[in-house]
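Protein chains in written order, with the numbering used here: chain R, 1 to 202; chain F, 1001 to 1232. In what follows, a single structure is set out as structure tokens and then discussed.
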Amino acid sequence: MSDLMAGLHQPGDTLLHRLPVGAKVLGLAVLSLAIVTVRDVRAAVVFLAVTLLLAALARVPLRSVWRATRGVLVVAVVASAFQWWWYGAEKAVETFLDLLSLGLAALSLTATTSVNEMVDALARWARPLRFVGVDPDRVALTVALTIGALPGTIAIARETRDAARARGLDRDPRAYLSPFVIRVVARAHESGDALHARGIGD
Amino acid sequence: MTSIQLDEAAVRVPLPGRGEREILAPTTLTLTEWRVAVIGANGSGKSTLARLVNGLVRPSSGRVLVDGLDVARDGAAVRRKVGFCFTDPAAQLVMPTCVEDVELSLRRTVADADERRRRAMEVLSAHGLADHAHDSVHSLSGGQRQLLALAGVLATDPVVVVADEPTTLLDRANTRRVADRLLGLEQQLVLVTHDLDLAARCDRVIVVDAARVVADGRPDEAIVHYTDLVDA
Chain R
1 MSDLMAGLHQ PGDTLLHRLP VGAKVLGLAV LSLAIVTVRD VRAAVVFLAV TLLLAALARV
61 PLRSVWRATR GVLVVAVVAS AFQWWWYGAE KAVETFLDLL SLGLAALSLT ATTSVNEMVD
121 ALARWARPLR FVGVDPDRVA LTVALTIGAL PGTIAIARET RDAARARGLD RDPRAYLSPF
181 VIRVVARAHE SGDALHARGI GD
Chain F
1001 MTSIQLDEAA VRVPLPGRGE REILAPTTLT LTEWRVAVIG ANGSGKSTLA RLVNGLVRPS
1061 SGRVLVDGLD VARDGAAVRR KVGFCFTDPA AQLVMPTCVE DVELSLRRTV ADADERRRRA
1121 MEVLSAHGLA DHAHDSVHSL SGGQRQLLAL AGVLATDPVV VVADEPTTLL DRANTRRVAD
1181 RLLGLEQQLV LVTHDLDLAA RCDRVIVVDA ARVVADGRPD EAIVHYTDLV DA
């Protein structure tokens, strides 16, 4: 997950890089809806081909494709196994291909759009909310920070789990959950202080 | 040089059912030197003193002025003048890639996204981090992270940089790298540190012990006072 979120943006000058963020988000929404609603294994193959083409068009390095999709692959395999059990092979293949297509479509967006471009776009879209007292910049920044906080939170989870194991307490959920929650809250306070010190939100 | 004034500035925190605890006793200081070090034991109040300068901590009584601006009343204006570097850069770096994190600092002052990117790349180049511009902040070494955090602070052209134990988590080589960078800044520097070699390279050293300034003056004299205090 941390690999998926961290540093995935690949700078470039491809057609997808040059497209406005709004067009890309809309395109991703339409494509995702089509993938989810069209229930046919042949369509699933076409969708996978389209999303592979998009990733190629965005010149996403194969290493990044692998890093981003390996987590999706695990979910896809498990979900497909259940589908096979309940509905048969065709449904399982369709589910597997659809989940892979959704992952690749999202990857094409994140690889060609920096977080700051996304923040700028979100701030623009949230501008009408000013009239009800909402600060658009703050909304956009909150979304970006939530995404940005994921790798750090995962790192804390791993460190806390290792610390519990080192003390022979890996079977005691309190030895893991309590320090994990405390450390995440402490990190949130530190990040808040850091943002405050940088004058963000002033 | 910028003038930082603490005028009877004190910090107290309430203890439920037990009154208040004094984190920093009423302190009066005027800091006009280029590089000021603050040294003292853990929990002595030195970080609180540093945080007062940026407005991260507000005085419970008294006042703190930076170039005549009151940190309690003009907090946003003070933060535009005073940059702050934390001990753990991981808490300070909030964007996925190096260039995006520097761009975040510039959001307040540079509206155009292309100009922001150009300026961020300039800042990274100046800190020897241009090759890492599009790398994940999590893939950097400790020293590189601290330099990136400093780059994010300097991107906004502050006139004062406050650094709270910026080398505590670093190895010897990275300590030297970050220290040389900090001590070479043209901005006024307020440096909280446990590293006495680093403090000795400053123009003035303030020793804090048990929430009070107990020594203040030339590095050689103040450091001797501190080591005597520790050894006593």
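Using N, Cα and C, we set each Cβ at its ideal position, and we do this for glycine too. None of the values given here were measured: they were computed from a predicted structure.
Please name the residue, chosen from the options, that lies closest to residue i on a Cα-to-Cα basis.
i               : options                               : result
residue 10(R)   : 183(R), 59(R), 25(R) and 135(R)       : 59(R)
residue 150(R)  : 1096(F), 1115(F), 1110(F) and 1114(F) : 1096(F)
residue 183(R)  : 65(R), 152(R), 98(R) and 198(R)       : 152(R)
residue 1129(F) : 1145(F), 1118(F) and 1117(F)          : 1145(F)
residue 99(R)   : 110(R), 80(R), 168(R) and 85(R)       : 80(R)
residue 1066(F) : 1011(F), 1207(F), 1143(F) and 1005(F) : 1005(F)
residue 1165(F) : 1099(F), 1045(F), 1094(F) and 1141(F) : 1045(F)
residue 1173(F) : 1063(F), 1117(F) and 1142(F)          : 1142(F)
residue 95(R)   : 176(R), 45(R) and 133(R)              : 45(R)
residue 1117(F) : 1140(F), 1053(F) and 1100(F)          : 1100(F)
residue 1084(F) : 1111(F), 1053(F), 1011(F) and 1179(F) : 1053(F)
residue 1182(F) : 1136(F), 1170(F), 1162(F) and 1171(F) : 1162(F)
residue 88(R)   : 106(R), 55(R), 200(R) and 41(R)       : 41(R)
residue 1154(F) : 1189(F), 1135(F), 1136(F) and 1171(F) : 1189(F)
residue 1043(F) : 1088(F), 1222(F), 1224(F) and 1207(F) : 1207(F)
residue 18(R)   : 164(R), 135(R) and 117(R)             : 117(R)
residue 1231(F) : 1029(F), 1048(F), 1041(F) and 1050(F) : 1041(F)
residue 1218(F) : 1016(F), 1028(F), 1027(F) and 1039(F) : 1039(F)
residue 1170(F) : 1086(F), 1157(F), 1220(F) and 1134(F) : 1086(F)
Nearest-angstrom Cα distance between residue i and residue j?
i               : j               : result
residue 1177(F) : residue 1186(F) : 16 Å
residue 1068(F) : residue 1076(F) : 14 Å
residue 1212(F) : residue 1119(F) : 42 Å
residue 208(R)  : residue 20(R)   : The displayed coordinates of chain R run from 1 to 202. Any statement about residue 208(R) would go beyond what the structure contains.
residue 1115(F) : residue 145(R)  : 22 Å
residue 4(R)    : residue 70(R)   : With a pLDDT of 42 at residue 4(R), under the threshold of 50, the modelled position of that residue is not reliable, and no figure is offered here.
residue 1210(F) : residue 1025(F) : 9 Å
residue 1061(F) : residue 1014(F) : 14 Å
residue 104(R)  : residue 57(R)   : 12 Å
residue 173(R)  : residue 82(R)   : 29 Å
residue 1197(F) : residue 77(R)   : 57 Å
residue 133(R)  : residue 126(R)  : 11 Å
residue 1063(F) : residue 189(R)  : 24 Å
residue 55(R)   : residue 12(R)   : 13 Å
residue 1071(F) : residue 1007(F) : 12 Å
residue 1002(F) : residue 1192(F) : 18 Å
residue 34(R)   : residue 25(R)   : 14 Å
residue 47(R)   : residue 196(R)  : 45 Å
residue 1(R)    : residue 148(R)  : Below a pLDDT of 50, predicted positions are generally treated as unreliable, and residue 1(R), at 40, falls in that range; no measurement from the model is reported.
residue 1214(F) : residue 1227(F) : 12 Å
residue 1229(F) : residue 1098(F) : 42 Å
residue 1225(F) : residue 1074(F) : 36 Å
residue 162(R)  : residue 177(R)  : 12 Å
How far does the alpha helix (DSSP H) with residue i in it extend, from its first residue to its last?
i               : result
residue 1013(F) : First-last for residue 1013(F): 1004 to 1014, but that is the beta strand (DSSP E), not the alpha helix (DSSP H).
residue 187(R)  : 173 to 197
residue 1241(F) : With chain F represented from 1001 up to 1232, any question about residue 1241(F) goes unanswered, as that position is not in the structure.
residue 156(R)  : 136 to 166
residue 1084(F) : Per DSSP, residue 1084(F) belongs to no alpha helix (DSSP H); it is in the beta strand (DSSP E), 1082 to 1085.
residue 69(R)   : 62 to 87
residue 115(R)  : 115 to 125
residue 1072(F) : That residue, residue 1072(F), is in no alpha helix (DSSP H); it is neither H nor E in DSSP.
residue 47(R)   : 41 to 57
residue 1099(F) : 1098 to 1106
residue 1132(F) : Premise fails: residue 1132(F) is in no alpha helix (DSSP H) and is neither H nor E.
residue 948(F)  : The shown model of chain F, from 1001 to 1232, leaves out residue 948(F), and the question about it has no answer.
residue 1180(F) : 1172 to 1183
residue 1052(F) : 1046 to 1054
residue 129(R)  : It is not in any alpha helix (DSSP H) - residue 129(R) carries neither H nor E in the DSSP assignment.
residue 16(R)   : 15 to 18
Report the CB separation of residue i from residue j in whole angstroms; it is logged as a contact under 8 Å.
i               : j               : result
residue 1175(F) : residue 1194(F) : Not quite, the Cβ-Cβ distance comes to about 11 Å (not below 8 Å), so this is no contact.
residue 187(R)  : residue 154(R)  : Actually they do not touch by this definition, with Cβ atoms about 12 Å apart.
residue 101(R)  : residue 37(R)   : Contact doesn't hold; Cβ gap of about 13 Å is too wide.
residue 1011(F) : residue 1059(F) : 6 Å
residue 194(R)  : residue 1094(F) : 7 Å
Looking at the secondary structure, which residues open and close the beta strand (DSSP E) in which residue i lies?
i               : result
residue 35(R)   : Segment 21 to 37 is the alpha helix (DSSP H) holding residue 35(R); no beta strand (DSSP E) there.
residue 1139(F) : Where residue 1139(F) is concerned, there is no enclosing beta strand (DSSP E), given that its DSSP letter is neither H nor E.
residue 1217(F) : 1212 to 1217
residue 1161(F) : 1160 to 1164
residue 1022(F) : 1020 to 1031
residue 1092(F) : No beta strand (DSSP E) contains residue 1092(F), which is instead part of the alpha helix (DSSP H) from 1089 to 1092.
residue 1063(F) : 1061 to 1066
residue 1244(F) : Lying outside 1001 to 1232, the shown extent of chain F, residue 1244(F) is not represented and no answer is given.
residue 1035(F) : 1035 to 1040
residue 1190(F) : 1188 to 1192
Quiz item: Between the stretch 1196 to 1216 of chain F and the stretch 1029 to 1039 of chain F, do three or more beta carbon pairs fall short of 8 Å?
Solution: Touching, per the Cβ criterion.
Self-check item: the stretch 1014 to 1034 of chain F contacting the stretch 1122 to 1138 of chain F, beta-carbon criterion three pairs below 8 Å
Solution: no
Quiz item: Are three or more beta carbon pairs between the stretch 95 to 115 of chain R and the stretch 46 to 64 of chain R nearer than 8 Å?
Solution: Taking a cut-off of 8 Å on C-beta distances, the stretch 95 to 115 of chain R touches the stretch 46 to 64 of chain R, as three or more cross pairs fall below it.
Quiz item: Is the number of C-beta pairs between the stretch 165 to 177 of chain R and the stretch 133 to 144 of chain R that are closer than 8 Å three or more?
Solution: no
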